Every structure is written in structure tokens, then in C-alpha cells.
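In our numbering, the protein residues as written are 209 to 507.
Every residue gets a Cβ at the ideal spot worked out from N, C-alpha and C, and that includes glycine.
Quick caveat, the model's predicted, so the values are computed rather than measured.
Have a look at the structure below, then the notes.
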Amino acid sequence: MITAYAHSKVNLYLGVGDAREDGYHELETVFQSLSLKDRLEITPVAGDPGTVQSFNVTGLGAASVPTTPDNLVWRAIDLMATRAQLPAVDVHLHKGIPTAGGMAGGSADAAAALRAMNTYAGLEEAELLDIAAQLGSDVPFTLLGGTMLGTGRGENLVPVLSRGSYHWALAFNSAGLSTPKVFHTLDAMRDAKPDMPRATGSNELAAALLTGDPKQVAPHLANDLQAPALSLMPALRKTIHSGEQAGALRGIVSGSGPTVAFLCESAEHAAEVADYVLDAGVATATTVAQGPAAGAHVD
209 MITAYAHSKV NLYLGVGDAR EDGYHELETV FQSLSLKDRL EITPVAGDPG TVQSFNVTGL
269 GAASVPTTPD NLVWRAIDLM ATRAQLPAVD VHLHKGIPTA GGMAGGSADA AAALRAMNTY
329 AGLEEAELLD IAAQLGSDVP FTLLGGTMLG TGRGENLVPV LSRGSYHWAL AFNSAGLSTP
389 KVFHTLDAMR DAKPDMPRAT GSNELAAALL TGDPKQVAPH LANDLQAPAL SLMPALRKTI
449 HSGEQAGALR GIVSGSGPTV AFLCESAEHA AEVADYVLDA GVATATTVAQ GPAAGAHVD
């Protein structure tokens, strides 16, 4: 059996351009990988080479995770099988990252599957990144981890220099949000109000990350998808207010939401914020995480 780990992400900065002709939006985003992770277990079994014989999911929100060929893990294995000789496998996924939470859980799981299956395939890193880009915009970053600037759909990556560790309190909502719906809502909001404020660039954030001081980073957190996420799920306003009332340096919707990430001064501070938000009844569950963390990796 091969065990691989899939790490979640938070977008420290997410500037969204207008929709392109291909339907995607031009992005400028600063990703940071977090210690919150899923565990993927791959077991070789008898069967047709390169096929998934069984797929089961346990853990956080397991019932909402598809165990069919459209799951990104399954798709990652199928794509790997077109390039290399692979065994038939059983797949077990244990979830710690919320599903449809804006933390790239599905993308990270696909990246972990690429790492796990590559122990058999032996592909070069460039080939893995090519497959990752075919699977989704967040998969290349979750394969690599750390802190990176993403452009295009988010798949064009360059490292961002970052000092120190950053501590987060994470507030989950069991309802989930559809990423395409959040993007479509943003487009509609911009059509209705062309002068709607937009994120203005990640340079100031990049400079703040060099200091290693979360107090300097906090003012530069930005997410153009926050407004449509709040429009679709107004209760998130109370979640953000609660965490900031508890002393978080800043609260921001993670990606397309509905997870809210609170940047805190320390691990202890993050734990206090997480407890406060949960006690206030404005989140389904909370946890803490630290970044930057590794990308997908085999244990």
C-alpha cells in the first residue's frame, strides 16, 4: 500500500479578471499550502492494469464525495495510465479538508494520486505538472505546495519568497458553494455594477510576506470572489465578524468559499479564535492550520 498526503490551500490574494473566450477567468492569485490535509491510500490489486477496482471515502463530509470515475482522483489515475504501465488499484480516501469549501480539497486529492501512482510510473516532474494542469486549475499548485503566484487559470506558477510561518483559524460551513456558481455570480455583479471594486495587484502582499510578520500581511489579503460568495451565503458575514471580534488579524473567504480563513498572530491565538467562532454558532466546525506546508507527497 502507498500512502500519500493532499494538502489544502488558502488564497492569500485572488484577483479575478473578466471571463475569457474559453469561459475561464484570467487570475492573479497567491496560493499558500496549509497543514490541513487528506490521506490517500493506494493498494495494488488484481485486475486490468491502470484501473480503479474500488473507491471508498471516510472522514469529513465523506458522503458528499463522489466515488465514481468523475472524481478527480479517479481521473488522475486514468490519465496516468495513458502514459505509463500501472497496476490495478483499490483507493481509500480519508478526508480532513472540507468538500466544496474553497480549499482545493478535490484538487489536492488528485495531486496526491499523481504522487502515489508515480511511484509505479516514474514520470518526470514536468509530465506530472502537465497532467495536473489537465485535471484542474488548482491541481498544479497542490502538487507543488509552498507559497506561489499563479496566473492564467492559476496553473502558471512561480514561487513567492515568504519568511516565517502563518497561523490560521478555519471556519467551515456544511452547505458548500459551487465554484462555477460563484464565478457566474461575480460576472453578474460586475455587469450590474461596472465600477465594482477589484483587487489591485499582489505586489504589496509579496513585500509583506518577506517580513514574516502576519500583522503586515493581514491588510493585503484580498479575494474578488468574496463578494459573490457573501451574496450567495450572507451568513458568512457573521462568521467573518465573529472571528475578527475574537481578535483575528483578518478574516477572508477562502477561494470560492464557504470556508473562512482567519489569519492569527500565533498557534495559540488561532486556537482561541477557532473556539470563539464555533461557540458563537456561526460555523459548522472549526480547526487550525499552519502555512506554508508541503505539496502532495508520499509518506
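Residue range of the unbroken alpha helix (DSSP H) whose run includes residue i
{"i": "K446", "result": "L444 to Q453"}
{"i": "V481", "result": "A475 to D487"}
{"i": "H392", "result": "T387 to A400"}
{"i": "L417", "result": "N411 to L417"}
{"i": "S439", "result": "Q434 to L440"}
{"i": "A320", "result": "G313 to A329"}
Other residues of its chain near residue i: CB distance less than 7 angstroms, five sequence neighbours each side excluded
{"i": "T275", "result": "F263, N264 and V265"}
{"i": "L336", "result": "L322, N326 and L351"}
Sheet register partners of residue i (DSSP bridge)
{"i": "T211", "result": "E249"}
{"i": "T359", "result": "E236 and N364"}
{"i": "R458", "result": "L471"}
{"i": "G223", "result": "E236"}
{"i": "G353", "result": "A502"}
Bounding residues of the beta strand (DSSP E) (the contiguous stretch that carries residue i)
{"i": "D298", "result": "A296 to K303"}
{"i": "G499", "result": "A493 to G499"}
{"i": "Q261", "result": "V260 to G267"}
{"i": "L337", "result": "Where L337 is concerned, there is no enclosing beta strand (DSSP E), although the alpha helix (DSSP H) it sits in stretches over E333 to L343."}
{"i": "L378", "result": "Y374 to F380"}
Distance, residue j Cα to residue i Cα
{"i": "S382", "j": "V297", "result": "31 angstroms"}
{"i": "S243", "j": "P405", "result": "32 angstroms"}
{"i": "H505", "j": "A292", "result": "19 angstroms"}
{"i": "V366", "j": "E236", "result": "11 angstroms"}
{"i": "A324", "j": "S439", "result": "39 angstroms"}
{"i": "T419", "j": "Y221", "result": "17 angstroms"}
{"i": "L378", "j": "A469", "result": "5 angstroms"}
{"i": "A316", "j": "R398", "result": "30 angstroms"}
Neighbourhood of residue i by C-beta, 6 angstroms cutoff - its chain only, sequence neighbours within 5 removed
{"i": "L486", "result": "T494"}
{"i": "S450", "result": "V485, A488 and V490"}
{"i": "A479", "result": "V496"}
{"i": "A482", "result": "A377, T494 and V496"}
{"i": "Y328", "result": "L294"}
Residue closest to residue i, alpha-carbon to alpha-carbon, out of the options
{"i": "A497", "options": "A329, Y374 and L433", "result": "Y374"}
{"i": "H302", "options": "H215, Q424, G267 and L385", "result": "G267"}
{"i": "M288", "options": "R247, A254, L331 and H300", "result": "L331"}
{"i": "D256", "options": "D507, I285, K245 and M356", "result": "I285"}
{"i": "L471", "options": "N364, W282, E363 and L417", "result": "L417"}
Own chain residues within Cβ distance below 8 angstroms of residue i, not counting five before or after
{"i": "Q453", "result": "Y484"}
{"i": "G503", "result": "H215, S241, A319, F349, T350, L351, L352, G353 and G354"}
Cβ-heavy atom distance, residue i to the ligand HEM, below 8 angstroms
{"i": "E229", "result": "As for the ligand HEM, it is missing from this structure, which has no ligand bound."}
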